[in-house]
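These protein sequences, in sequence, are chains A and B. Numbering of the first sequence is given in the numbering used here, commencing with residue 1 and proceeding in unit increments. Numbering of the second sequence is given in the numbering used here, commencing with residue 1001 and proceeding in unit increments. All C-beta atoms in this analysis are idealised placements derived from N, C-alpha and C, irrespective of residue type, glycine included.
Protein chains: 2
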Amino acid sequence: MQIDVVANIGEARTDEFIHKTVIVIDVLRATSTMIAALGNGCKAVVPVETVLQAKELQKPGDLLGGERFCKKIPGFDFGNSPNEYTRSAVQGKRIILTTTNGTRGIQKAMKADHVLAGALTNGGACAKAAVNFKRDIVIICAGTQDVFSLEDGLCAGLILEEIGKIAGVKNLAINDFGLAMRSCYAQAKDTLLDTLLMCANGKRLSKLGFQEDLVTCAKVNDTIHVPVLDRDQMVLLPF
Amino acid sequence: MQIDVVANIGEARTDEFIHKTVIVIDVLRATSTMIAALGNGCKAVVPVETVLQAKELQKPGDLLGGERFCKKIPGFDFGNSPNEYTRSAVQGKRIILTTTNGTRGIQKAMKADHVLAGALTNGGACAKAAVNFKRDIVIICAGTQDVFSLEDGLCAGLILEEIGKIAGVKNLAINDFGLAMRSCYAQAKDTLLDTLLMCANGKRLSKLGFQEDLVTCAKVNDTIHVPVLDRDQMVLLPF
Chain A
1 MQIDVVANIG EARTDEFIHK TVIVIDVLRA TSTMIAALGN GCKAVVPVET
51 VLQAKELQKP GDLLGGERFC KKIPGFDFGN SPNEYTRSAV QGKRIILTTT
101 NGTRGIQKAM KADHVLAGAL TNGGACAKAA VNFKRDIVII CAGTQDVFSL
151 EDGLCAGLIL EEIGKIAGVK NLAINDFGLA MRSCYAQAKD TLLDTLLMCA
201 NGKRLSKLGF QEDLVTCAKV NDTIHVPVLD RDQMVLLPF
Chain B
1001 MQIDVVANIG EARTDEFIHK TVIVIDVLRA TSTMIAALGN GCKAVVPVET
1051 VLQAKELQKP GDLLGGERFC KKIPGFDFGN SPNEYTRSAV QGKRIILTTT
1101 NGTRGIQKAM KADHVLAGAL TNGGACAKAA VNFKRDIVII CAGTQDVFSL
1151 EDGLCAGLIL EEIGKIAGVK NLAINDFGLA MRSCYAQAKD TLLDTLLMCA
1201 NGKRLSKLGF QEDLVTCAKV NDTIHVPVLD RDQMVLLPF
């Protein structure tokens, strides 16, 4: 099984996703948020690029979520904090979500056979789901404005480690960037929250008062919920 | 001190090098070869992009070195193996060197105040030289055809570790990619040759019979020689 890890969305080449399973990672915070929302009973998350698209797609009963520059968009029901998407707030609802990087990553992956959303919180479950699809895998670290983000790389490393446990390390062909991320995760996994606090997005979120989100997003294998793309929306993969 | 690590030449933005020190890394094998040649008494290494440029620049007494697809160019004196550049072969000579990635990296860095060539063999010395220049630092992992190469990332991690020892870890502001490479090196440093054998270039060189080059290029802090750009050629930094 070939597994390639891509450092940021700008480097992702759409045509390379054909017949593959793509895992999109945006740990801080889009994919962590999708996982939390779907895990708490939300019906579907529709990722869109712009605020206008979000408003146009909204049907009665739908909720709007999203951020620009880490902050909630005026008039929206939620920002991009996984802790906002509680069961009482989201159960049975459809959420239109617009975030800067995670959404772009999912839209870029649409040519793949399967598109999953991965984060530290569901790394093991996401690895298992990806292996079950029996395709080569591309892991896209969403990054921030086409620049690599450490937390996404660490999550790619976690998923590679988990895939190795399932499929056997010797059966995997991993690109150089993936090998680097796997080593990086192995080195950092015992001090993951500290590492998240050191990286650019972690610092930015801390400064804006979102420390609790970092704690939530750093919980490795906290859930078995895996969002999967079904036409234009993310739904929960049956398990 | 700000230190940014860039994953491949395609991502390097020339304008960001102004007033900075740039370290170009192409462990397998261009910068390892330059270090070996200059360490063995060669007068200067002139990095050029094309075979034609190399031939045009050659003056009486100059030697030609370089590779295409890992192999020596027909009619050239040397390939791109550091082990070829022995004292008896290179002492007092100027070498015109054309390689695929390392040369492009150096040419892209030319707007910087100082341009150094780094490899695993001179990581510590290179770190010391860069700190002495008292500028912010950009470390360019040359990579291969605009794709990240693990061995260059490991070397970036080594240089960051060495800079940390000199300048104090707390005095460094490192971009996310640099933080990842530092962790990756910390994880891999005790099994460096094995790791080099696992990465794409390591496998390719092994297959072509260059295992000895991998052993040579994996020798961490084997030398104190640091090539520095002086107009259009690399010379030895005085120490």
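8 Å Cβ cutoff met for residue i and residue j
| i | j | result |
| --- | --- | --- |
| Leu160 of chain A | Ile23 of chain A | no |
| Val1045 of chain B | Cys1141 of chain B | no |
| Gly1124 of chain B | Arg1087 of chain B | no |
| Glu1151 of chain B | Leu1196 of chain B | yes |
| Phe177 of chain A | Ala112 of chain A | no |
| Met234 of chain A | Met1 of chain A | no |
| Ser1149 of chain B | Cys184 of chain A | no |
| Asp222 of chain A | Thr121 of chain A | yes |
| Met198 of chain A | Gly153 of chain A | no |
| Gln187 of chain A | Ala1186 of chain B | yes |
| Leu1038 of chain B | Leu1236 of chain B | yes |
Classification of residue i by the beta-carbon crowding that lies within 10 angstroms, buried from 16 upward
| i | result |
| --- | --- |
| Phe1239 of chain B | exposed |
| Gly1209 of chain B | exposed |
| Ala1218 of chain B | buried |
| Lys207 of chain A | exposed |
| Thr14 of chain A | exposed |
| Lys71 of chain A | exposed |
| Glu56 of chain A | exposed |
| Asp213 of chain A | buried |
| Ala109 of chain A | buried |
| Leu1052 of chain B | exposed |
| Val1090 of chain B | buried |
| Gly1168 of chain B | exposed |
| Val1306 of chain B | Any question about residue 1306 of chain B goes unanswered here, given that chain B covers just 1001 to 1239. |
Length of the line joining the Cα atoms of residue i and residue j
| i | j | result |
| --- | --- | --- |
| Lys1043 of chain B | Ala130 of chain A | 55 Å |
| Ile25 of chain A | Gly143 of chain A | 8 Å |
| Glu84 of chain A | Gly75 of chain A | 15 Å |
| Ile163 of chain A | Ala127 of chain A | 5 Å |
| Pro60 of chain A | Gly105 of chain A | 27 Å |
| Val1048 of chain B | Lys1165 of chain B | 34 Å |
| Lys20 of chain A | Leu1205 of chain B | 29 Å |
| Leu64 of chain A | Ala54 of chain A | 7 Å |
| Leu1028 of chain B | Gln1211 of chain B | 11 Å |
| Lys1093 of chain B | Ile174 of chain A | 42 Å |
| Asp1136 of chain B | Asn1008 of chain B | 19 Å |
| Thr31 of chain A | Asn132 of chain A | 20 Å |
| Asp146 of chain A | Gly1010 of chain B | 13 Å |
| Glu67 of chain A | Gly157 of chain A | 26 Å |
| Phe1069 of chain B | Ala1036 of chain B | 21 Å |
| Thr103 of chain A | Arg231 of chain A | 14 Å |
| Gly1202 of chain B | Leu179 of chain A | 13 Å |
| Ala12 of chain A | Asn1101 of chain B | 21 Å |
| Cys155 of chain A | Lys1134 of chain B | 35 Å |
| Gln1058 of chain B | Val220 of chain A | 58 Å |
| Ile1073 of chain B | Thr1050 of chain B | 11 Å |
| Lys1170 of chain B | Ile1139 of chain B | 19 Å |
Just list the beta strand (DSSP E) runs in the segment 120 to 196 of chain A, keeping only unbroken ones of 3 residues or longer that don't cross its boundaries, in chain order.
-> Listed in chain order, the beta strand (DSSP E) runs fully inside the segment 120 to 196 of chain A are 137 to 141, counting runs of at least 3 residues.
Curious, which full-length alpha helix (DSSP H) runs of at least 4 residues does the segment 40 to 117 of chain A contain?
-> Fully enclosed alpha helix (DSSP H) runs of 4 or longer: 51 to 57, 87 to 90 and 102 to 108.
Pairing CB atoms from the segment 1061 to 1080 of chain B with CB atoms from the segment 1090 to 1097 of chain B, are three or more of them under 8 Å?
-> As far as the Cβ criterion goes, the segment 1061 to 1080 of chain B touches the segment 1090 to 1097 of chain B, which means the pair count is three or higher.
Three or more C-beta pairs below 8 Å linking the segment 219 to 237 of chain A and the segment 111 to 121 of chain A = Result yes; three or more Cβ-Cβ pairs closer than 8 Å.
Could you tell me which uninterrupted alpha helix (DSSP H) segments, each at least 4 residues in length, are contained entirely in the segment 1001 to 1041 of chain B, listed from first to last along the chain?
-> Fully enclosed alpha helix (DSSP H) runs of 4 or longer: 1030 to 1039.
Would you list, in sequence order, the uninterrupted alpha helix (DSSP H) runs of no fewer than 4 residues that lie entirely inside the segment 195 to 226 of chain A?
-> Runs found: 200 to 207 and 211 to 217.
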